[in-house]
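In my numbering, the protein residues as written are 5 to 372.
The beta-carbon is built from N, C-alpha and C at its ideal position, and this holds for glycine as well.
Take a look at the structure:
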């Protein structure tokens, strides 16, 4: 859809959000997360909301970096730009802050929200409409002992989740025991492992051979810098390997596909937003490869946009859209709905996410 936009004002908020349960993965422990929320308003008074959730171990950006990129580069570029079409605005942003993936994602999501609202449609239809009305999403289980892992799996299964992501990467033998315990107690669940760069080559091969038939894929087994590891694992593993942290750009995706990777994990915060995520999905589809739409710990503002990508792109095989479910917050809700382990989106205008501006007011750090 052709929509032209002229930005009149911008606000940036920085919020800390506690989680219902502390979270452990291979390289950090998390009890709270920090998001940067962006509000843009057009000259005709239509607002669009975006969100950034940077992760320095993935894109090299801190929250402070993201704020600086937004306030020092992206917002001035938008405010100084004439009325332009959405693709031209997004292209301009890529050049205004190269490498600022999470900051660009916040601006991209806000602009897509605004453009869809101005076009009078929901974001899913703005992206061309659904290829599916809903998609099962995994629920993530933190690194813990066998007993806690099994308790979490039973709890999530009781909530209707049939697809679980099991964080791993610190202790291969314990990871194998955790998966086998879930498989024995809940044999109908679909399981995959996410090592978050935690395994060495021999550890990854040991795990995938031990768990052949128990997991559907192993996500990001080793360090993102060790791209040659994917050549070895894709050649020798009896379980498909998914690349996550190394895949930020189309060039990264092509490199992974050439190394034999059948699946990549696409996240708005890594790619730079909706438009870039769609390009990655289209690239994967053109090569017969698959995508999982994933997330960081993000407010529904950007989670709804990620879900719209998941529902609109044929190359998407899996979804990991649980980044907002464990948050204790009253900043935003709606847009994305997860019921019985299945994600769907609102048919309201834009992303459909509803933002509580009164709750955000104390966290305003920039206004232009």
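For residue i, which residues in the same chain have their Cβ closer than 8 angstroms to its Cβ, ignoring the five residues on either side in sequence?
i	result
residue 216	242, 243
residue 364	17, 19, 41, 335
residue 30	147, 171, 172, 173, 174, 199, 200, 201, 202
residue 156	145, 146, 148
residue 70	40, 56, 58, 104, 106, 107, 110
residue 204	226
residue 319	285, 286, 288, 289, 293, 294, 295
residue 164	343, 344, 345, 346
residue 21	36, 37, 38, 39, 301, 303, 331, 332, 333, 335
Quick one: what does DSSP say residue i is sitting in, helix, strand or coil?
i	result
residue 375	Since the first residue shown for the chain is 5 and the last is 372, residue 375 is missing from the structure and cannot be characterised.
residue 166	coil
residue 39	strand
residue 225	coil
residue 87	coil
residue 56	strand
residue 50	coil
residue 79	helix
residue 309	helix
residue 283	helix
residue 293	coil
residue 372	coil
residue 12	strand
residue 365	helix
residue 29	strand
residue 65	coil
residue 71	helix
residue 44	strand
residue 303	coil
residue 460	With the chain covering 5 to 372 only, the question about residue 460 has no answer from this structure.
residue 150	helix
Taking the alpha-carbon positions, what's the residue i to residue j distance?
i	j	result
residue 370	residue 272	23 angstroms
residue 236	residue 329	36 angstroms
residue 206	residue 24	35 angstroms
residue 8	residue 275	23 angstroms
residue 83	residue 258	35 angstroms
residue 141	residue 177	27 angstroms
residue 315	residue 196	21 angstroms
residue 89	residue 250	31 angstroms
residue 188	residue 349	34 angstroms
residue 232	residue 154	34 angstroms
residue 317	residue 286	8 angstroms
residue 180	residue 214	7 angstroms
residue 185	residue 12	56 angstroms
residue 139	residue 372	39 angstroms
residue 50	residue 87	14 angstroms
residue 345	residue 32	26 angstroms
residue 193	residue 67	36 angstroms
residue 368	residue 324	30 angstroms
residue 143	residue 190	15 angstroms
residue 44	residue 219	43 angstroms
residue 260	residue 64	20 angstroms
Among the residues of its own chain, which have a CB less than 7 angstroms from the CB of residue i, if the five just before and after it don't count?
i	result
residue 96	81, 85
residue 300	57, 59, 271, 273, 327
residue 245	221, 222, 225, 234, 237, 238, 265
residue 253	none
residue 119	7, 9, 90, 130
residue 101	73, 77, 78, 107, 108
residue 351	126
When every heavy atom of the ligand HEM is checked, does at least one fall within less than 8 angstroms of the C-beta of residue i?
i	result
residue 273	Here there are no bound small molecules, and the ligand HEM is not part of this structure.
Can you list, in chain order, the residues of its chain whose CB lies under 6 angstroms from that of residue i, leaving out five sequence neighbours each side?
i	result
residue 117	52, 53, 354, 355
residue 322	296
residue 27	34, 146
residue 309	113, 278, 355
Self-check item: Segment contact flag, the stretch 298–307 with the stretch 334–344, C-beta cutoff 8 angstroms, min 3 pairs
Solution: Taking a cut-off of 8 angstroms on C-beta distances, the stretch 298–307 touches the stretch 334–344, as three or more cross pairs fall below it.
Self-check item: In chain order, each beta strand (DSSP E) run of at least 3 residues that lies wholly inside the stretch 313–353
Solution: Correct list: 320–323, 340–343, 346–349.
Self-check item: Whole alpha helix (DSSP H) elements within the stretch 153–211, 4-residue minimum
Solution: Qualifying alpha helix (DSSP H) stretches, in chain order: 176–189.
Quiz item: Taking one C-beta from the stretch 129–138 and one from the stretch 156–176 each time, how about it: are there three or more such pairs within less than 8 angstroms?
Solution: Contact between the stretch 129–138 and the stretch 156–176 is absent, because fewer than three Cβ pairs lie under 8 angstroms.
Quiz item: Using 8 angstroms as the threshold, is the stretch 112–122 in touch with the stretch 278–290, meaning 3 or more CB pairs across them?
Solution: Short answer: they touch.
Quiz item: If you scan the stretch 242–280 from start to end, which runs of the alpha helix (DSSP H) of 4 or more residues do you find wholly inside it?
Solution: Counting whole runs of 4 or more residues, the stretch 242–280 contains the alpha helix (DSSP H) stretches 254–262, 272–275.
Exercise. Indicate whether the contact test is met: 3 or more Cβ pairs, each with one atom in the stretch 97–107 and one in the stretch 284–295, closer than 8 angstroms.
Key: Judged by Cβ distances under 8 angstroms, the stretch 97–107 makes no contact with the stretch 284–295, as fewer than three pairs qualify.
Quiz item: Which runs of the alpha helix (DSSP H) spanning at least 4 residues fall entirely within the stretch 84–141, listed in chain order?
Solution: Every alpha helix (DSSP H) stretch that sits fully inside the stretch 84–141 and reaches 4 residues is listed by chain position as 90–100, 105–123, 127–130.
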